[in-house]
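Protein chains in written order, with the numbering used here: chain A, 807 to 1316; chain B, 807 to 1316.
Number of protein chains: 2
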Amino acid sequence: MINQFGIEILEYIEGIGELEAFRGIKKESGIINTVPVKIKSNNSQKVFYSIEEILDKLDLKDGICVSFHHHLRNGDKVLNFIMESLAKRGIKDIMLAPSSVFPVHEPLVEHIMSGCVTKITSSYISGPVAKAISEGKLKYPAILTTHGGRPALIESGKIHIDIAFVAAASSDSMGNINGINGKSAFGTLGYAVADAEYADTTVVITDNLVDYPNAPIDISQIYTDYVLVVDSIGDPSGIVAGTTRITKDPLGLKIAALTSKLIFHSGYFKNGMSFQTGAGGTSLAVAAELAKLMQEKNIKGSFASGGTNSFIVDMLNKNLFEYIFDTQCFDLAAVESYKSNPKHLFMSCSMYTNPNRKGTVADMLDIMILGATEIDKDFNVNVITGSDGYIMGGSGGHSDTAAGAKLSIVVTNLIKTRIPIVKEKITTITTPGESIDVLVTEYGIAINPLRKDIIEKLKNTNLPIVEISELIKTAEKICGIPKEIKFDEKIVALVMYRDGTIIDTVRKVL
Amino acid sequence: MINQFGIEILEYIEGIGELEAFRGIKKESGIINTVPVKIKSNNSQKVFYSIEEILDKLDLKDGICVSFHHHLRNGDKVLNFIMESLAKRGIKDIMLAPSSVFPVHEPLVEHIMSGCVTKITSSYISGPVAKAISEGKLKYPAILTTHGGRPALIESGKIHIDIAFVAAASSDSMGNINGINGKSAFGTLGYAVADAEYADTTVVITDNLVDYPNAPIDISQIYTDYVLVVDSIGDPSGIVAGTTRITKDPLGLKIAALTSKLIFHSGYFKNGMSFQTGAGGTSLAVAAELAKLMQEKNIKGSFASGGTNSFIVDMLNKNLFEYIFDTQCFDLAAVESYKSNPKHLFMSCSMYTNPNRKGTVADMLDIMILGATEIDKDFNVNVITGSDGYIMGGSGGHSDTAAGAKLSIVVTNLIKTRIPIVKEKITTITTPGESIDVLVTEYGIAINPLRKDIIEKLKNTNLPIVEISELIKTAEKICGIPKEIKFDEKIVALVMYRDGTIIDTVRKVL
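Right under this line is the structure:
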């Protein structure tokens, strides 16, 4: 098959099944049936102090699917620990379905090499596991979903989770859990909801067993089969690390200032506006600029959504937004705010952006600020592979929010370390250009020709509007025409759009 | 078939299907599969101002099942309004599945007579509808479920709801709802959760459409298909009416004092204890007595659960409990507390007491105070039919909490208006005696012989412990042996225990 972008998609892949080619964004998903869920009543002992005792109770066999959430990010100890236990038991052909994979999960490479793990599906994969996949070490192609696509697959039964392992900062004896109380506090549990609700068996893992009842309750005891108490679920310094620093790069700051002006003139800057931004340095600079502008113009928004960080929390506290909808907390300020401010609301990943659901928060977004590793002449964006062709991330909520928001803006330097970001053709298509409205670079702003209304709105401003082809030419002038990366034939990953169709494939690096 | 109590249960009833006879309380429900749910993505307009426009979009046909929740109690305007609209469209053979039916729902009798409604399933039915059912006016036997059994039936697909109509005190344009903000505030939405999650179509009805997002969110937009805005969903005076007044009857107060002493000596009176009480006058007096005792002895409990009222709220505010778990608010104090106190927690009915789920709050209960219309020599309780044989209520959470709590205590006068409550044989078995531990009357305390541990604990106290047979004799001495009520052959209602088996039948009154 050939998909909308002329990319060849196999109709069937062994170990994966039949594939459907991406044919453009559907406005609605139509009618979907959720899958029956096996529930086993349990009013007796749920708490155990040894994973072995719990594993003894489970129907472990080759080919099972196990899932994890990524709220502990690069501080996570749970996935490695559990996978080591499963590997020790000699379980083979495991399908691993974590919501994201981080560098800390390096021990997985060994399990991939041994045949313990032969399939991985996730919304974001970075570090040594991404490298191993790119090098063709995983037996079957990895499936790279979106944040919204993942619960859609789980809820419709296309991913059947045998055991969901859900790390919790606190749990009571029945498995009422949250992510805010305890030494390993990480914030909301938004990404774990579909796992807990739809897995055959849900095992909570906590290092903070508290008196019944544990509150607030992000995930209820009615979904919990067992509670495993361990010494530590994560390294706090890794849990809330890194990403939420604003850029100091003058070009990044220039882009942020331009973006803020663009928003001001876009028609979406008004009372009741809603906003989300990624956690990249430039995206955060946009949040800072927007906050200034909102204060200056006395504008109050309805909600900010997404992964939350101190910049967004500041905006809530300054009354620039009425609410935050939060699937994950990126830093301590976000954790604290979620814990103490009733206007900082929990949001499951399905509520955030599952395309099968009856309207999501992402669909209510006015303005979305997105990053890009590459963006092409048709505004298609890559956030999966780097300039060397290696997998280094994933869509996360990129495609989801781009599709949902009324105004989706990609902010990026035209060139990074002498490599053009804006280019004729990109390595991997993550997000279709039809869902990207504007690109802001330090060399000017390109508006997607599909958005005639925005072109019209901005034509009498002094904003530096350019054609995207001009930006590509400028980049080529500075860096030369980038050489296309050569890949092996072998497909190492399938890029699955939020509707379950295949939008691109990633091939083995040479 | 003959069930555990020697009651004949038909194997099949036309219009109802195959029946299973009650054979004693099962400790666990085993493995259950939830039913697939049809979801239709909807990011476009959900809000309508006319029920006719919404009905035009629905697949209305004879035989559909429609559901309602009872949080507006006797102030509810929604059920009557919707049923009138459906009747006007000539829909026949509707299966009505409200969580409870109140006197205000009298217009239903007309729909029963016309054949618009031919089946009713509910956990509590009072007033003219109960009378009409007892008089044999409903075409098929009504199914009287328990609060926990109802979501179990819905989630397992044994009740398939075509359209759930969910009244909300406030909703935004996407159908995020709660019951606390607005002129028709009624408190939590615990009983509506399974309906909203499992219905083919969920229609929110509100008289308070607010800006997006509406928070707090008891039920998320991902379950809402349409939002109907009306002038009024209920009459505030009926919403929080009546039941939560403490008894002034000296006998009731004596029973409450005895019960409090019993609790003190039971072994369950200690730090971390959990407690629930019904909303009857004597039950409330027990709460008042218990509060005094807890203060006196400096005891702090973990949680109080159930329908909540001002007495329970007072206990939370006095720090006698750490949390309240709430499925429904009985009075304004409860509504206010739920709205403002983060220790007053939401609880879906499934979390409260669905026997299929992985451990419920009711299963964590230490002490449960229950009422009774009648109680027999084996501690079997009737809360469904009155002394005249008419249906006048239902189990609600009676059987559920009796089964879950470690110490379930029935409090009742031995005799009411010269009619014995404690008697050899009762009219209708709602709750099996094996789940009732103690009966407290003004003539003494009877302990279920199955609870040897409690008998042992109390034998050296000065509590007036008696055999239940003695209480029956005393009642007979005062009132004479009550005449058995004569019924017609026709079965008008099936009493379904929480596990879905038939524990008794109700026959037509003569």
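Heads up, the beta-carbon is just placed ideally off N, CA and C, and yes, glycines get one too.
Alpha-carbon spacing of residue i relative to residue j, whole angstroms
i: residue 1048(A); j: residue 1088(B); result: For residue 1048(A), the predicted structure reports a pLDDT of 46, less than 50, and the residue's modelled location is therefore unreliable. A value from the coordinates is still provided. Their Cα atoms are separated by approximately 59 angstroms.
i: residue 837(B); j: residue 1033(A); result: 19 angstroms
i: residue 904(A); j: residue 1008(A); result: 14 angstroms
i: residue 1083(B); j: residue 1068(B); result: 15 angstroms
i: residue 894(A); j: residue 1054(A); result: 46 angstroms
i: residue 1323(B); j: residue 1225(B); result: Chain B is shown only over 807 to 1316; residue 1323(B) falls outside these bounds and no answer can be derived.
i: residue 939(A); j: residue 923(A); result: 12 angstroms
i: residue 1102(A); j: residue 1126(A); result: 11 angstroms
i: residue 840(B); j: residue 1003(B); result: 12 angstroms
i: residue 1052(A); j: residue 1208(A); result: 22 angstroms
i: residue 827(B); j: residue 814(B); result: 9 angstroms
i: residue 1236(A); j: residue 944(B); result: 59 angstroms
i: residue 870(B); j: residue 925(B); result: 10 angstroms
i: residue 1138(B); j: residue 1201(B); result: 24 angstroms
i: residue 807(A); j: residue 816(A); result: 6 angstroms
i: residue 1024(B); j: residue 996(B); result: 8 angstroms
i: residue 1286(B); j: residue 1255(B); result: 26 angstroms
i: residue 1323(B); j: residue 992(A); result: Because residue 1323(B) is not part of the residues shown, which for chain B are 807 to 1316, the question remains open.
Anticipated Cβ contact below 8 angstroms, residue i with residue j, distance rounded
i: residue 1038(B); j: residue 1006(B); result: Contact flag wrong, Cβ pair sits at about 27 angstroms.
i: residue 1136(B); j: residue 1085(B); result: 5 angstroms
i: residue 764(B); j: residue 1018(B); result: In this structure chain B extends from 807 to 1316, so residue 764(B) is not present and cannot be described.
i: residue 1105(B); j: residue 1075(B); result: 7 angstroms
Chain B residues whose Cβ lies nearer than 7 angstroms to that of residue i
i: residue 842(A); result: 839, 840, 841 and 842
i: residue 1129(A); result: 1019 and 1021
Close Cβ partners of residue i (< 7 angstroms) along its chain, the five nearest in sequence each way excluded
i: residue 1260(A); result: 1072, 1243, 1244 and 1253
i: residue 1248(B); result: 1057, 1060, 1061, 1219 and 1220
i: residue 1020(A); result: 976, 977, 978, 982, 983 and 984
i: residue 898(B); result: 868, 921 and 922
i: residue 965(A); result: 871, 903, 927 and 959
Chain A contact residues for residue i, given Cβ-Cβ distances below 9 angstroms
i: residue 834(B); result: 846, 847, 848, 849 and 850
i: residue 1076(B); result: Ordered by position in chain A, no residue passes the 9 angstroms Cβ test against residue 1076(B), which lies about 13 angstroms from the chain.
i: residue 1151(B); result: 1019, 1021, 1022 and 1023
Chain-ordered neighbours of residue i on chain B, where CB pairs are closer than 9 angstroms
i: residue 816(A); result: Within chain B, no residue comes near residue 816(A); the closest Cβ sits about 28 angstroms away, beyond 9 angstroms.
Contact check, residue i vs residue j, beta carbons under 8 angstroms
i: residue 1302(B); j: residue 951(B); result: yes
i: residue 1080(A); j: residue 1108(A); result: yes
i: residue 1161(A); j: residue 850(B); result: no
i: residue 1293(B); j: residue 1279(B); result: no
i: residue 1180(A); j: residue 1232(A); result: yes
i: residue 1144(A); j: residue 1150(A); result: yes
i: residue 906(A); j: residue 929(A); result: yes
i: residue 874(A); j: residue 885(A); result: yes
i: residue 1296(B); j: residue 1031(B); result: no
i: residue 1187(B); j: residue 1046(B); result: no
i: residue 1212(B); j: residue 1172(B); result: yes
Within chain C, partners of residue i - CB distance below 8 angstroms
i: residue 1161(B); result: Here chain C cannot be found, since the structure's protein chains are A and B.
Other residues of its chain near residue i: CB distance less than 8 angstroms, five sequence neighbours each side excluded
i: residue 957(A); result: 999, 1000, 1154, 1155, 1156 and 1160
i: residue 1198(A); result: 932, 936, 1179, 1190, 1191 and 1192
i: residue 1077(B); result: 1105, 1106 and 1107
Chain B residues whose Cβ lies nearer than 8 angstroms to that of residue i
i: residue 1136(A); result: In chain order: nothing, as chain B lies at least about 21 angstroms away.
Closer than 7 angstroms at the beta carbon, the chain A residues around residue i
i: residue 1029(B); result: 1164
Proximal residues of chain A, C-beta to C-beta of residue i below 8 angstroms
i: residue 1170(B); result: 980, 1018 and 1019
i: residue 1109(B); result: 1018 and 1019
i: residue 1157(B); result: 1026, 1027 and 1028
Close-in-space but distant-in-sequence residues of the same chain around residue i (CB under 6 angstroms, 5 per side omitted)
i: residue 1096(B); result: 1066
i: residue 1016(B); result: 976 and 978
i: residue 914(A); result: 935
i: residue 1098(A); result: none
i: residue 912(A); result: 934
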